[in-house]
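Comments concern the structure below.
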Amino acid sequence: MLRKLVGVALVLALVTQFLVVAPRARADQDSYQRCLATTKPKIVPNGDLGSITLTAAQQCSHHLKESPDEKVNPQNGSGKGPVAPGAPKKKKPTREEIIKENKARKARNAALAKGFEEKTEGFRSCVKRNATDGDTESRRVRSTCGTGPSAPDFEEMTDVPGVPRQGQPDLGLPPETIAYVASTQLQLPKTSVQLGPDPEWNRWDKAFVGHPYWLWIDSSTESMTSKQSVGPITVTLTASLDSVTYRVKGEEPVTCDGPGTPYRRISSNIGKSSPDCGFRFTKAGPRSIEATANWVIQWSVNGQQGSLQMPQTGTRAVEVRELHSVNVDPPG
């Protein structure tokens, strides 16, 4: 009786192998072969080794039945995943390999930072050329200059065995460079040039040669603090408006501390000079007032501190005329 039961069990096992397991294995193998025929090697990032090249066999390994004894991740050769024929075993990098790879990452990050700075300065120059009356977000600016470059995707350095990490993750860049990238994310107030008394208040809609004008900029704040991220690093930034420089072609530039005092339309201010930022036109004609708000950015990165300049420019067009007195004899 026992022999009969064993025989039946053996037959059932053979039938299952023939009808279920074998077809499934053949299907998996066919699917795997089709994948191999249409897949090319590709490079993927790896946290320890920088990047590795995946063969077609590794990328198609998910078509094969998983073996509980040998599990390989198709992305980096470790962890859970089916075994790919010829898949290399993950090798722990040596200290020298880590240092070499970090050096390569540092060079790549430096190139990214340099390219980002060049693109940023180019974008700012484009905005300055195309902004009308200080409107840096006009349709013309957006269509011509775009929205500016995005912060680079820097690579983080791998910790070297025996060398303790100092503060935040390391990008292999000077703190000044990290601070510059972070500062471009600041939303500083627009530089809106104001002139008082406003030429729009008179019947001619003109400014006049020799008249004392007050200059100031509309600024919602003169100081702001924020935290910005550059990859895994957090940068603390404090922006302060130091001064504003006004330039009119053919006239002497004027630099004033702070944003300037707004002109109030009251009788006591008529003909009165500004208490902190006055200006007089000496020539008639169409003029453009360019105001450069000189912002100073104090930064802190991993305990290191410093400052950088971030000028913001705005313009305003003004038509200037000369006033002439005419002597008229009284009647009679």
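Per our numbering, the sequence shown starts with residue 6, numbered consecutively. Idealized CB from N, CA, C, for every residue including glycine.
TODO: My understanding is that residue 266 touches residue 248, with C-beta atoms under 8 Å, so please give their C-beta distance in whole angstroms.
DONE: Not confirmed; about 14 Å, so no contact.
Task: Beta-bridge pairing of residue 320 - partner residues as DSSP gives them - done: 295
Open item on the list: On the CB-based measure, 16 or more other CB atoms within 10 Å of its CB, does residue 309 come out buried or exposed?
Closed with: That one is exposed.
- [ ] Please report how far the alpha carbon of residue 115 lies from the alpha carbon of residue 155, in whole angstroms.
- [x] About 16 Å.
TODO: May I ask you to list the residues that DSSP assigns as paired with residue 197?
DONE: 223
Open item on the list: Give me the DSSP bridge partner(s) of residue 283.
Closed with: 219
Task: Per-residue burial, residue 146 [other beta carbons within 10 Å of its own, 16 or more giving buried] - done: Flag for residue 146 reads buried.
Open item on the list: Let's see if you can read the secondary structure: which residues bound the alpha helix (DSSP H) around residue 185?
Closed with: 180-188
TODO: Decide if residue 157 is buried, meaning its Cβ has at least 16 other Cβ atoms within 10 Å, or exposed.
DONE: buried
- [ ] Within its chain, find whatever has a CB closer than 7 Å to the CB of residue 224; leave out the 5 residues flanking it on each side and keep chain order.
- [x] In the same chain as residue 224, and ignoring 5 residues on each side of it, the C-beta atoms closer than 7 Å to its own belong to 194, 246 and 264, in chain order.
Task: CB of residue 185 within 8 Å of CB of residue 200, strictly - done: no
Task: CB contact flag (residue 319, residue 296, <8 Å) - done: Going by C-beta atoms, residue 319 is nearer than 8 Å to residue 296.
Task: Alpha-carbon spacing of residue 322 relative to residue 253, whole angstroms - done: 10 Å
Task: Beta-carbon proximity of residue 113 to residue 160, cut-off 8 Å - done: Contact flag set, yes.
Open item on the list: Quick check on the burial criterion: 16 or more other C-beta atoms within 10 angstroms. Buried or exposed for residue 75?
Closed with: Low confidence applies here, because residue 75 scores a pLDDT of 38, under 50, leaving its location unreliable and the question unanswered by this model.
- [ ] Could you give the DSSP three-state label for residue 232: helix, strand or coil?
- [x] Strand, per DSSP.
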